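Just so we're aligned, residue 1 is where the sequence shown starts under our numbering, counting upward by one.
Cβ atoms here follow ideal geometry from the backbone N, Cα and C, with glycine treated the same way.
Model, not experiment: these values are computed from the prediction.
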Amino acid sequence: MFTIIITLLLPLVSLGIWRQYVLKNNGSTGKTVTGSKGAYVLRYATCLMIMLFVPWVLLSLTGNDDNTILRKLVESREYAVKVLSLEICIMLAYTICELFVEEAKAGKHEKIHSVMTKIAGSKGWNIVYRYIGPVVVLAFSVLVICLNFSMMSDRVLWGDEAFSANTAHKSVGGILQVLYYWDNHPPLYYYWLKLFGTLFGYKVPVFHLASLVPFVIGIVLALTVIRKHFGMLSAAFFMMISGLGQACLEYNLEVRMYALAFLCVMGCFYCSYRVIADGSRKTWAGMVLWALAAAYSHYYALVAVGIMMFSTGVAVWIKYRGKTWIKGVLAIVAFFIGYAPWLYFFYAGLKNVSRGWWMTEILGLDQSLEIVMGGRRMNAIVFPLLLVFLLITILADSSVFTVGEAGRVCLHKPSVKKWSDKTYAMAVGACTILGTLAFAYLLSIVMAPMLAQRYLYPLSAVAIMMLVIGSSHLLEQVAELENRSWKGLGLLVRLLLVLLLLVMFGMGIQNYRECYDSYEQQKVETDKTLDLIGTPEEDVQMVSNGVKHLGWTVLYYYYPDNEIVNGNYNQAESDRFWYFTPEAMGDDSFAELQQKGYQVTDYGQMQLAQYPFYLYYIEAVQPAPFAKSR
1 MFTIIITLLL PLVSLGIWRQ YVLKNNGSTG KTVTGSKGAY VLRYATCLMI
51 MLFVPWVLLS LTGNDDNTIL RKLVESREYA VKVLSLEICI MLAYTICELF
101 VEEAKAGKHE KIHSVMTKIA GSKGWNIVYR YIGPVVVLAF SVLVICLNFS
151 MMSDRVLWGD EAFSANTAHK SVGGILQVLY YWDNHPPLYY YWLKLFGTLF
201 GYKVPVFHLA SLVPFVIGIV LALTVIRKHF GMLSAAFFMM ISGLGQACLE
251 YNLEVRMYAL AFLCVMGCFY CSYRVIADGS RKTWAGMVLW ALAAAYSHYY
301 ALVAVGIMMF STGVAVWIKY RGKTWIKGVL AIVAFFIGYA PWLYFFYAGL
351 KNVSRGWWMT EILGLDQSLE IVMGGRRMNA IVFPLLLVFL LITILADSSV
401 FTVGEAGRVC LHKPSVKKWS DKTYAMAVGA CTILGTLAFA YLLSIVMAPM
451 LAQRYLYPLS AVAIMMLVIG SSHLLEQVAE LENRSWKGLG LLVRLLLVLL
501 LLVMFGMGIQ NYRECYDSYE QQKVETDKTL DLIGTPEEDV QMVSNGVKHL
551 GWTVLYYYYP DNEIVNGNYN QAESDRFWYF TPEAMGDDSF AELQQKGYQV
601 TDYGQMQLAQ YPFYLYYIEA VQPAPFAKSR
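Put into structure tokens, the structure is as follows:
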């Protein structure tokens, strides 16, 4: 509480220093102070946001544990002092910048102002902005695709990935049977995976390719339609996070439906913006198609696009004064009709979940926000930056304050009458994220914990697109201010955004190195185990003694012709079997098996995917009793 109070008071100190400077400066020139209430409120809010944003980023980047900043503030007085010291430094730096701006207005820094204006209007800047910038962004898009592609060639599948691969081998009807009895996900991804398997072969790299293709489609959309409507610099934010975010690097290749759902939610949100912009039947139809694709990919994507369609309908109704409401109603009806064939399976899956679910704890809100904002590291920038963009966009378009010709700020009553298309889109995105999170936690409280962190990954498409739209709208507002009196402001803001992109690129490279090292380690260990076992004869059993996911899906994928047994070595029904156990066998177990006529070969600790175990080959020695007679 003490930290919060001090944080709220510090901007008042900055405001007081600024006011005293203005009074002194105007008194020496014989002028009166013309600051309005709006100017004071705006300066206070700006200082507060900067004080919160910068320390959040710095402390998140330098943190070395899994505790959140808020938790450490509550638990550690020393940490609170550290945060306050950092906030004081930020406040002083902001105050110095304010005084610098006031001197610039007074003409004391005319040379600097002139240089900024010349740079913004120079041929060199025009060449960089129009030609070099797009080439750099294009080269970066190729780079992120190549980096993701470099992790594709392996034989590694963890439990859920193996389930996807096993399901893809089934027939069209067989896939539906598996989903009805064993899985709780919609079918689109499994048919998408089967398509790739049929075309290119049922191999692990092909399965990875099925997830990589939606990511590549997203990059292409960023270079085309997103760049066209929001600008190249804003589109770079999408490519940066979707290509190098920690969560994105993982799910761009994972043999699950998350990359496909991400693309569909992204397409739906883009169409939402287009619906708000023109309200045409074409854009409504596009939104319905993307929404159906998302709904048939993942259930949390279903919730997200459902809230998005409703929010878009409300936004269109407000903007057009209810004139186009019939299109929204028809779109929602079309969506329900398109999803109706799956409702029976949805109900069956809900019943299965109610009877028993593997999750026991509700996911923490900090973990949910982390993956929505792109995963570790980048969320430290994305989350506060998104809040800043959202506040600036809504406050500016709500006419809460206006900036006059002389730079004077005036405060007004908020209104939605002047909201731009991008402001409505930002509001729809915020409603989608908050609504989906509220639904997930309410469901987990009422029924059972049903929120794994990865389930929210498709929602990150909304957060990233909001960042794109918010940055684009900010540049438009800056351009308007620049046309009035603040020359060179556009150049400064663009340089700051480029700096943020460079910082995020550094984080992204760190994410890639960690992800690549993890993939490489699992690849080496998996290849070692698979090469050791080779292709066993059909009468050789695979016995898994409680190694997570191994006897459920993984061994079924790698050894489809062999019988899989879940239990200890006493459950084996063959004279020859491979034994996977989480703990090493003791001397008593060796003695028991030798007494029964078995020879045990100990291969020590091995690994498949992310699952370590101790591996043994157990074989009956003649004359020895058959295992099935035990």
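{"Asked": "R155, enclosing alpha helix (DSSP H) - first and last residue", "Found": "From DSSP, R155 is part of no alpha helix (DSSP H); its letter is neither H nor E."}
{"Asked": "Residue from K418, L451, S444, Y344 with nearest C-alpha to Q367", "Found": "L451"}
{"Asked": "Cutoff 8 Å: R376 Cβ touching any chain D Cβ", "Found": "Absent from the structure: chain D. Only one protein chain is present."}
{"Asked": "Nearest candidate by alpha-carbon position, reference L474, set V540, Q541, L10, D397", "Found": "D397"}
{"Asked": "Span separating the alpha-carbon of P536 from that of V621", "Found": "18 Å"}
{"Asked": "Where Y616 falls: helix, strand or coil (DSSP)", "Found": "strand"}
{"Asked": "Whole runs of the alpha helix (DSSP H) within the region 220-306, excluding any shorter than 4 residues", "Found": "227-230, 232-244, 246-251, 258-278, 281-295"}
{"Asked": "Contained alpha helix (DSSP H) runs [length at least 4] in the region 501-577, N- to C-terminal order", "Found": "555-558"}
{"Asked": "Pairwise C-alpha distance: S472 and Q20", "Found": "36 Å"}
{"Asked": "Pairwise C-alpha distance: V498 and R377", "Found": "18 Å"}
{"Asked": "Per DSSP, cross-strand counterpart(s) of Q667", "Found": "It is not possible to answer for residue 667, since the shown part of the chain is limited to 1 through 630."}
{"Asked": "L365, buried or exposed, once every other Cβ within 10 Å from all chains shown has been counted against 16", "Found": "exposed"}
{"Asked": "Sub-8 Å separation of N252 and A261 beta-carbons", "Found": "no"}
{"Asked": "Close beta carbons around E87, own chain, < 7 Å, minus the five adjacent residues each side", "Found": "T7, L10, M51, P55"}
{"Asked": "Contacts around F633, its chain only, beta-carbon distance under 7 Å, and the 5 residues preceding and following it disregarded", "Found": "Outside the shown range of the chain (1 to 630) lies residue 633, about which nothing can therefore be said."}
{"Asked": "Q599 vs E619 beta-carbon contact at 8 Å", "Found": "yes"}
{"Asked": "Within the region 456-497, ranges of the alpha helix (DSSP H) (whole runs, at least 4 residues)", "Found": "460-484"}
{"Asked": "Reference F163, options W284, G375, H549, closest by Cα", "Found": "H549"}
{"Asked": "Cβ neighbour criterion (16 or more within 10 Å) applied to M447", "Found": "exposed"}
{"Asked": "A315 versus K327: straight-line alpha-carbon distance, rounded", "Found": "13 Å"}
{"Asked": "Backbone secondary structure at D602 - three-state DSSP", "Found": "strand"}
{"Asked": "Nearest-angstrom Cα separation, counted from H185 out to V416", "Found": "39 Å"}
{"Asked": "Start-to-end residues for the alpha helix (DSSP H) that takes in A426", "Found": "Rather than Ala, the amino acid found at residue 426 in this sequence is Met. It spans 421-446 - the alpha helix (DSSP H) in which M426 sits, taken as one unbroken run."}
{"Asked": "Of the listed residues I469, V388, Q477, Y339, nearest to M45 (C-alpha basis)", "Found": "What sits at residue 45 in the sequence shown is Ala, not Met. Measuring from the Cα of A45, the nearest candidate turns out to be V388."}
{"Asked": "When G16, H169, V41, A80 are compared against I633, the one with the closest alpha-carbon", "Found": "Lying before the first or after the last residue shown, residue 633 is absent from the chain, which here runs from 1 to 630."}
{"Asked": "Cβ pair A425, Y273 closer than 8 Å", "Found": "yes"}
{"Asked": "Integer-rounded CB distance, given that F269 should sit under 8 Å from A427", "Found": "Actually they are not in contact, since the Cβ atoms of A427 and F269 sit about 12 Å apart, beyond 8 Å."}
{"Asked": "Backbone secondary structure at Y320 - three-state DSSP", "Found": "coil"}
{"Asked": "Cα-Cα separation, A165 to W192", "Found": "11 Å"}
{"Asked": "Check whether A301 and P187 have beta carbons under 8 Å apart", "Found": "no"}
{"Asked": "Nearest candidate by alpha-carbon position, reference L496, set L233, L84, W419", "Found": "L233"}
{"Asked": "Buried versus exposed call for G201 [16 or more other C-beta atoms within 10 Å across all chains shown]", "Found": "exposed"}
{"Asked": "Q541 versus M240 - alpha carbon distance", "Found": "47 Å"}
{"Asked": "The region 522-529 contacting the region 585-599, beta-carbon criterion three pairs below 8 Å", "Found": "no"}
{"Asked": "Residue burial classification, R227 (beta-carbon count within 10 angstroms, cutoff 16)", "Found": "buried"}
{"Asked": "Contact belief for L157 with V255 at Cβ below 8 Å, rounded distance in angstroms", "Found": "6 Å"}
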